[in-house]
């Protein structure tokens with residue numbers, strides 16, 4: 031296999047493992063064995079090892095000395111920490127977007143909002159979550175803070191897995207649509223204070239819903 035083909039094999043293995051983690055195919059805390067995964071993805075051990083190393087950097091798996099690799103485990107404290115960080119970042123991003131956005135960036139935010147609304151009726155949960163992330167990514171792009179964007183990107187890789195594990199409440203969709211409309215309007219009007227307040231409230235609602243879903247999931251697992 032030449033260098034280009036080998037590089038492609040590594041990328042494909044990484045993408046497939048990441049997709050299986052995010053979809054819930056590999057559940058939270060599940061041990062990932064190199065030999066079994068190499069067989070599953072029809073590859074050698076090295077691409078699997080490299081993929082798991084990179085996924086550890088993304089926060090999707092945990093490397094345990096002398097024990098191997100597990101899908102990232104999460105508990106209530108972990109979820110609270112994630113959303114504490116997101117509240118701070120998202121309100122800052124919305125504020126900066128309102129102050130700095132161009133007309134082209136505003137149109138990208140609007141397009142992402144409409145995409146989410148179009149998907150709300152029939153899309154699978156993961157597709158819906160991806161649409162939601164594109165809306166927030168458009169705001170982040172308008173904010174222009176690359177360091178904050180990197181933190182958000184890492185969390186955005188985790189959230190689909192978390193929602194998939196605990197169960198995404200479809201009743202959230204109507205609330206999310208309403209929030210997105212108000213956040214976009216504040217950014218359009220360059221109302222930085224309102225944009226920040228609305229983004230923080232939006233994130234706090236997600237935090238509340240995630241924790242409630244986690245409690246239900248944990249309770250069902252204990253019976």
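In the numbering used here, the protein residues as written are 31 to 253.
Glycine included, C-beta positions come from ideal geometry on N, C-alpha and C.
Open item on the list: Going by DSSP in three states, residue 214 sits in which element: helix, strand or coil?
Closed with: helix
TODO: For residue 137, decide whether its Cβ has a neighbour in chain B, counting only Cβ atoms nearer than 9 Å.
DONE: This model lacks chain B altogether; it includes just one protein chain.
TODO: Determine the closest residue to residue 242 out of 109, 144, 209, with distance taken between C-alpha atoms.
DONE: 109
Open item on the list: Determine whether the beta carbon atoms of residue 142 and residue 168 lie at a separation below 9 Å.
Closed with: yes
- [ ] Assuming residue 199 contacts residue 156 (C-beta within less than 8 Å), just tell me the rounded distance between them.
- [x] Rounded, the Cβ-Cβ distance is 15 Å, inconsistent with contact.
- [ ] Might you give, ordered along the chain, the residues of its own chain that have their beta carbon closer than 8 Å to the beta carbon of residue 90, omitting 5 neighbours on each side?
- [x] 48, 51, 52, 101, 102, 187, 188, 191
- [ ] Please state if the CB of residue 214 and the CB of residue 136 are separated by a distance shorter than 9 Å.
- [x] yes
Task: Residues of its chain near residue 117, where Cβ-Cβ distance is below 8 Å and the 5 sequence neighbours each way are ignored - done: 230, 233, 234, 237
Task: Chain-order list of residues whose beta-carbon lies under 6 Å from that of residue 34 (same chain, five-residue window excluded) - done: none
- [ ] Compare the Cα-Cα distances from residue 124 to each of 247, 239, 225 and report the closest residue.
- [x] 225
TODO: Could you round the C-beta distance between residue 127 and residue 172 to whole angstroms and report it? I think they count as a contact, below 8 Å.
DONE: 4 Å
Task: Delimiting residues of the alpha helix (DSSP H) encompassing residue 98 - done: Per DSSP, residue 98 belongs to no alpha helix (DSSP H); it is in the beta strand (DSSP E), 98–101.
Task: Rounded separation between residue 134 and residue 154 - CA only - done: 29 Å
Open item on the list: Between the alpha carbons of residue 56 and residue 197, how many angstroms are there, rounded?
Closed with: 15 Å
Open item on the list: When you compare the CB positions of residue 194 and residue 59, do they come within less than 9 Å of one another, or not?
Closed with: no
TODO: Specify the secondary structure class of residue 90 as computed by DSSP and reduced to three states.
DONE: coil
- [ ] Report the partner residues of residue 62 according to the DSSP bridge assignment.
- [x] 99
Open item on the list: Considering only the alpha carbon of each residue, which of 113, 88, 83, 219 lies closest to residue 99?
Closed with: 83
- [ ] Give me the Cα-Cα distance between residue 62 and residue 185, rounded to the nearest whole angstrom.
- [x] 21 Å
Open item on the list: Here's the rule: buried if 16 or more other CB atoms are within 10 angstroms of the residue's CB, otherwise exposed. What is residue 138?
Closed with: buried
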